[in-house]
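Colleague:
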Amino acid sequence: MNTHLFLQGPHGPFFRRLGRALARRGDTVIRVNCCGGDVVDWPWPHTRLFRKKATVWSAWIARLMDEKQVTDLHVFGDWRPLHREAVLLAKVRGIRVWAYEEGYLRPDYITMEQGGVNGLSSLPDTREGMAELAVRCTDLPEARKVGNPQTVKTWRAIAHYAGTIFLWPLFRHFQTHRPQSASREVWGWFLRVLSRSARRKRSAQALRAAYRAHAPYFLFPLQLDADSQVRRYSPYSGMKEAIACVLSSFARSAPADTHIIIRNHPLDNGLIDYAGFIVSFAVACGISERVHFIEGGKAHQMMDKSLGVVVLNSTIGISALRQSKPVYCVGTSIYAMPGLAVNSAEMPLDAFWVNPREPEAAAIADFERVLKVHALVNGNFYTQEGVSTAIDGILYRLRGKAR
């Protein structure tokens, strides 16, 4: 039997339910709670508290791995400082590392890779390598439709951060991996809830204005400023710098009749005034009439009518590829390779505005096939049906098979 060590998971009880399923089949399960939000997500059983300073984390977690003879480590986001140290220590000991994230393909999937995800993924990084692996992916299961509801996800996050705030006295040394404190983020979300109606109205007006212009346009969907994909796997310090670089390139090189729609992330906490920054920077570039910032709207509809999509490395880029849209990645991405998305290795962004290159259907099919067999599990982290489906798939994979 195996011994599974769980660190921080997705907001909500997903890891707790997975741990319960593993315990039922006879495996040993250990969960380490590092903050109040972790306690809310997994209060008991099989839990231990880490309440010390981060400087002693490495020695503490290594001792736990050795004492309990851990065979499998489970983390949501392999880039968080505490997770990163634990992952490296696990690999030294030959412990299998299972990294989870929101699905590369959405909805109906979660990401589960052995070793690491995103920039640390072990998936092939060349067109040839992807095609070779795709040929061997013969067992392609049919996915159940389980969705990925944003409302449930939002409330899970609020509960987690409320726990972090109210149980802070028990975890005085905990430092979040995010650039803002939990209390500041909750306050930002609260203000956004209050302003939701007004923001939706402004966004609808901006989108109508963009469509009424009957001008060809590119879509630039923003990512969360705290996203590790922005801070670790892109050349930018944050989303404001990325916006400035993309808009300055657009001003320099995009055809004069083209527009750009910038869509905010639906889970943005509102602590950065993107609307004000974008308006100011667009005016300074002399392109204010061609730049449209919106807070909502259906991304797939915007992509469908666009000339192409510019992303840092968001999974929305994969959605655009599946719609056969040209995609440019300004950051490091698992799907930036010949036949799929374009990056600076193939052409500068300045050239993409003039000549957006469409992806190849065969490359998309190979990529999707490899993802479904080696990196994805059908299900989600939040709904009853989605969690049950995902846990079934994870247990299947942990038995040494790909599902």
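Residue numbering for the sequence shown follows the working numbering, beginning at 37 and increasing consecutively.
Using N, Cα and C, we set each Cβ at its ideal position, and we do this for glycine too.
Buried or exposed, going by whether 16 or more other CB atoms sit within 10 Å of the CB of residue 373?
Modeller: The residue in question, residue 373, is buried, as its Cβ has 16 or more Cβ neighbours within 10 Å.
Colleague: In chain order, which continuous runs of the alpha helix (DSSP H) of length 4 or greater are located wholly inside the segment 246-308?
Modeller: You should have 264-267 and 275-289.
Colleague: Measure the C-alpha to C-alpha separation of residue 437 and residue 375 and round it to an integer number of angstroms.
Modeller: For residue 437, the predicted model reports a pLDDT of 48, less than 50, meaning its position is unreliable; a value from the coordinates is still stated below. So the two alpha carbons sit approximately 29 Å from each other.
Colleague: To the nearest angstrom, report how far apart residue 336 and residue 82 are at their CA atoms.
Modeller: Cα-Cα distance, rounded: 42 Å.
Colleague: From residue 99 to residue 71, what does the alpha carbon distance come to, in whole angstroms?
Modeller: The straight-line gap from Cα to Cα measures roughly 20 Å.
Colleague: Would you report the Cα separation of residue 425 and residue 431, rounded to the nearest angstrom?
Modeller: Whole-angstrom Cα-Cα distance: 10 Å.
Colleague: Less than 8 Å between the C-beta atoms of residue 73 and residue 197, yes or no?
Modeller: Yes, the pair counts as a contact, with Cβ atoms nearer than the cut-off.
Colleague: Once DSSP output is grouped into helix, strand and coil, what is the label at residue 344?
Modeller: Strand.
Colleague: Residue 368: which of 377, 361 and 360 sits nearest, CA to CA?
Modeller: If we check each option's Cα against that of residue 368, 377 comes out closest.
Colleague: Would you call the segment 385-399 and the segment 287-294 touching, i.e. three or more CB-CB distances under 8 Å?
Modeller: Verdict: yes, contact present.
Colleague: With a threshold of 16 other CB atoms inside 10 Å of the CB of residue 422, please say whether the residue is buried or exposed.
Modeller: Classification for residue 422: buried.
Colleague: Do you know how far the Cα of residue 413 is from the Cα of residue 439?
Modeller: Only weak support exists for where residue 439 lies, its pLDDT of 34 falling under 50; the coordinates are left without a value.
Colleague: What three-state label does DSSP hand residue 41 in the structure shown?
Modeller: Residue state, collapsed to three classes: strand.
Colleague: Over what stretch of residues does the alpha helix (DSSP H) that includes residue 58 continue unbroken?
Modeller: Taken as a continuous stretch (DSSP letters only), the alpha helix (DSSP H) holding residue 58 covers 50-60.
Colleague: With a CB to CB cut of under 6 Å and the five nearest residues on each side skipped, what residues in its chain are close to residue 193?
Modeller: 47, listed in sequence order.
Colleague: Is it true that the CB of residue 353 sits closer than 8 Å to the CB of residue 254?
Modeller: Contact flag unset, no.
Colleague: Just to confirm before moving on: does the CB-CB distance between residue 1 and residue 128 stay below 8 Å?
Modeller: Because the chain spans 37 through 439 in this model, residue 1 falls outside it and cannot be assessed.
Colleague: How many angstroms separate the CA atom of residue 52 from the CA atom of residue 365?
Modeller: Roughly 36 Å separates the two Cα atoms.
Colleague: If you reduce the DSSP assignment to three classes, tell me which class residue 69 lands in.
Modeller: Strand, per DSSP.
Colleague: Which of the three DSSP states, helix, strand or coil, is assigned to residue 460?
Modeller: There is simply no residue 460 to check, as the chain begins at 37 and stops at 439 in what is shown.
Colleague: Spatial neighbours of residue 283 within its chain, please: CB distance less than 8 Å, with the 5 preceding and 5 following residues excluded, ordered by chain position.
Modeller: These residues qualify, in order along the chain: 296, 314, 317, 318, 321, 323 and 327.
Colleague: Using DSSP with H/G/I as helix, E/B as strand and the rest coil, what is residue 86?
Modeller: Note: residue 86 maps to coil in three-state DSSP.
Colleague: Please classify residue 404 as buried or exposed, where buried requires at least 16 neighbouring CB atoms within 10 angstroms.
Modeller: Counting Cβ neighbours within 10 Å, residue 404 comes out buried, since at least 16 surround it.
Colleague: Taking C-beta to C-beta, are residue 407 and residue 176 nearer than 8 Å?
Modeller: For residue 407 and residue 176, no; Cβs fall outside 8 Å.
Colleague: How about residue 43 and residue 65: are their beta carbons less than 8 Å apart?
Modeller: Against a cut-off of 8 Å, the Cβ pair of residue 65 and residue 43 comes out as no contact.
Colleague: State the Cα-Cα distance for the pair residue 13 and residue 257, rounded to the nearest angstrom.
Modeller: What is shown of the chain runs 37 to 439, which leaves residue 13 out entirely.
Colleague: Give me the DSSP bridge partner(s) of residue 108.
Modeller: Residue 108 pairs with 40 and 132.
Colleague: Since residue 333 and residue 243 are thought to touch, with beta carbons under 8 Å apart, how far apart are those beta carbons, to the nearest angstrom?
Modeller: Rounded, the Cβ-Cβ distance is 5 Å, consistent with contact.
Colleague: Can you tell which of 77, 308 and 125 has the C-alpha that lies nearest to the C-alpha of residue 223?
Modeller: If we check each option's Cα against that of residue 223, 308 comes out closest.
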